[in-house]
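Engineer: Questions regarding the structure given below will be posed in turn.
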Amino acid sequence: MNVRNEIWQHVDAAKSRLIELSDRIWGMPEVCYTEVRSAAEHAAELRHQGFRVTEGVAGIPTAVIGEAGDGGPVIAFLGEYDALPGLSQESGVAEHRPIEAGGHGHGCGHNLLGSGAMLAAVALKNWLAEKGIPGRVRYYGCPAEEGGAAKAFMVRAGAFDDADIAISWHPYSFWEVAPALSLANTRADFAFRGRAAHAAASPHLGRSALDAVELMNVGVNYMREHMPSDARVHYALLDTGGIAPNVVQAYARVRYSIRAMDLQGMLDLVERVHKIAQGAALMTETSVEMRIVSAVSNTLGNTPLEHALHNAMEELGAPPFDDSDRDFARKIRATLSDQEIASVYRAIGQPRTDAPLADFLTPLDSPRKPMIGSTDIGDVSWVVPTVQAHAPTVAIGTPFHTWQVVAQGKMPAAHKAMVHVAKAMAATGMAAITDPSLIAAAKADLAERTRETPYVSPLREGVEPPLDMSRG
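So for the sequence shown, the UniProt record's numbering puts the first residue at 1; every next one is plus one.
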């Protein structure tokens, strides 16, 4: 028997329970740092599977670690389970039909992400026990990836210090090793305080915090011409100071997301935005306070692990979708624009086809042109050799953070992709256990990438997990 078939059989043996877990999490769409039920479900399943469980990791109530085995290397599997606001949607319906008006939904597929990573961990744990091979399998239940930077706080707390390699995945349109491309990112609140006054009878006595926010936004928009073209800055108004226009607003708050290709570039840009805020305060005779909410580093690649994962994915082939899977995917694609579908092919550097679901493995050397976001797995990649897979849980072209992702999140096609990627991840973990040179090469690769720029946490001293983020 092919040795990889052994690990894949362990995935198949455990898949029913983990598919059920992914569906339960889909029905618990809890957002950043409020994933109480989802974290409890993950902890309960880890205990059922025989893991030693630690909850409240890094002072985060919804972060959990499960470990099994003894001795040998530590193979880490990283899972997530947080949802997004405003994306409530019925499953299996190819039209916008919220379950709850204004409700939350798993618009990035994290219900699948956590369950699939745990499935890989369970399979590797059971294979090690069956073979009597030393080694430790560790599952990290990581909350608040969507803007909360939980993994960055977990890294800072030392939760990954003794891990040898880290393996994860993310739902996507294609079957591929995820390119190690993400932007370093800081989220910061700028709170302005002024002086209230009657806007008609005594406007000269007022100092408008809302004016300061508007001037700051104008200043940042003028800065865009003079910053790197691959950097990104976005903002959202959190508090405009009230709804009465005849009261000079004494308080206003804006949240900024500031991104750049690398950590130092991002930190430099944060300081420039801060100076603009200070200038806005000076112009309006208000005061301003900057509060860092969260921060993450850019992601580092790892060539040895990427080749090992690609080999496992190549041997598996694409997920075994059937005609009913493809029929529903076509219904979803009918809700998408041609531009949305074309953009994902451009991102992977491959010619467009008519297939509604991915039926090929993207080459490692594909000439990609991706649009890049941010993720807190970036901080893990600076301290542990890290690799990620993408698995096609959605119809090709589906934009993430949309109701269409939620609609597909517990369909048979999503389950098949989740199980398939768990096999690739478990096989990669098994390769690291059976071939110590793979771990050595992965660690050497990381050491070389960080030789001139050692890891420094992007979280400033005193910044703690923003457990109140769900309240803005």
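Virtual Cβ for every residue (Gly too), placed ideally from N, Cα, C.
Would you kindly report the start and end of the unbroken beta strand (DSSP E) that includes Ile258?
Structural biologist: 251-260
Engineer: Where does Met283 land, buried or exposed, given buried means 16+ other C-beta within 10 angstroms?
Structural biologist: exposed
Engineer: Please identify the residue among Glu314, Pro392, Gly349 whose C-alpha is closest to the C-alpha of Arg4.
Structural biologist: Glu314
Engineer: On the CB-based measure, 16 or more other CB atoms within 10 Å of its CB, does Glu41 come out buried or exposed?
Structural biologist: Buried.
Engineer: Just mark Gln408 as buried or exposed, buried being the case when its beta carbon has 16 or more other beta carbons within 10 Å.
Structural biologist: buried
Engineer: Okay, do the region 362-373 and the region 322-341 touch, 3+ Cβ pairs below 8 Å being the bar?
Structural biologist: Between the region 362-373 and the region 322-341, the count of Cβ pairs shorter than 8 Å is below three; the stretches do not touch.
Engineer: For Val177, write down the residues that DSSP places opposite it in a beta bridge.
Structural biologist: Ala389
Engineer: Can the beta-carbon of Tyr256 be found less than 7 Å from the beta-carbon of Gly241?
Structural biologist: no
Engineer: Would you mind sorting Ser294 into buried or exposed? The rule is 16 or more other CB atoms within 10 Å of its CB.
Structural biologist: Buried, because 16 or more other Cβ atoms sit within 10 Å of the Cβ of Ser294.
Engineer: I need the straight-line Cα distance from Gly219 to Ile276, nearest angstrom please.
Structural biologist: So the two alpha carbons sit approximately 6 Å from each other.
Engineer: Quick one, which of Val248, Asp162, Tyr235, Glu145 has its alpha-carbon nearest Ala199's?
Structural biologist: Val248
Engineer: So what's Trp8 in DSSP terms, helix, strand or just coil?
Structural biologist: helix
Engineer: Classify Arg460: buried if its beta carbon has 16 or more other beta carbons within 10 angstroms, exposed otherwise.
Structural biologist: exposed
Engineer: Is Ser337 close to chain D, meaning its C-beta is less than 7 Å from at least one C-beta of that chain?
Structural biologist: Checking the listed chains, one finds no chain D in this structure; it contains a single protein chain.
Engineer: Return the first residue and the last residue of the beta strand (DSSP E) that Arg136 is part of.
Structural biologist: 135-142
Engineer: Between Ile60 and the ligand PLP, is there a pair consisting of the residue's CB and a ligand heavy atom that are separated by less than 6 Å?
Structural biologist: Of the ligands one can find in the structure shown there are none, so the ligand PLP has no counterpart to examine.
Engineer: I need the DSSP call for Ala442, collapsed to helix, strand or coil.
Structural biologist: helix
Engineer: Any chance the region 61-76 sits against the region 128-135, with 3 or more Cβ pairs inside 8 Å?
Structural biologist: yes
Engineer: Using CA coordinates, which residue listed in Ile377, Arg47, Ala442 is at the minimum distance from Leu78?
Structural biologist: Ile377
Engineer: Could you check if Pro466 is buried or exposed, using at least 16 other CB atoms within 10 Å of its CB as the buried criterion?
Structural biologist: buried
Engineer: Inspect the beta-carbon positions of Leu112 and Met430 and report whether they are closer than 7 Å.
Structural biologist: By the CB criterion at 7 Å, Leu112 and Met430 fall outside the cutoff.
Engineer: Mind checking whether Glu305 and Pro458 have CB atoms under 7 Å apart?
Structural biologist: Correcting the residue identity first, residue 305 is Leu in this sequence and not Glu. No; because the gap between Cβ atoms is not below 7 Å, this pair is not in contact.
Engineer: In the DSSP assignment, what are the bridge partners of Met313?
Structural biologist: None; Met313 has no bridge partner.
Engineer: His226 to Val233, Cα distance in whole Å?
Structural biologist: Taking the straight line joining both Cα atoms gives about 12 Å.
Engineer: Determine the contact status of Phe174 and Ile341, defining contact as a CB-CB distance below 7 Å.
Structural biologist: no
Engineer: Just checking my contact of Glu45 with Arg17 at CB under 8 Å: how many whole Å lie between their CB atoms?
Structural biologist: About 7 Å; that satisfies the 8 Å criterion.
Engineer: For Asn185, which of helix, strand or coil comes out of DSSP?
Structural biologist: Strand at Asn185.
Engineer: Span of the alpha helix (DSSP H) holding Met412?
Structural biologist: In the sequence under discussion, the amino acid at residue 412 is Pro, which differs from the Met named in the question. Looking at the DSSP string, the run of the alpha helix (DSSP H) that includes Pro412 is 412-434.
Engineer: Can you tell which of Glu176, Phe328, Ala427 has its C-alpha closest to the C-alpha of Pro363?
Structural biologist: Glu176
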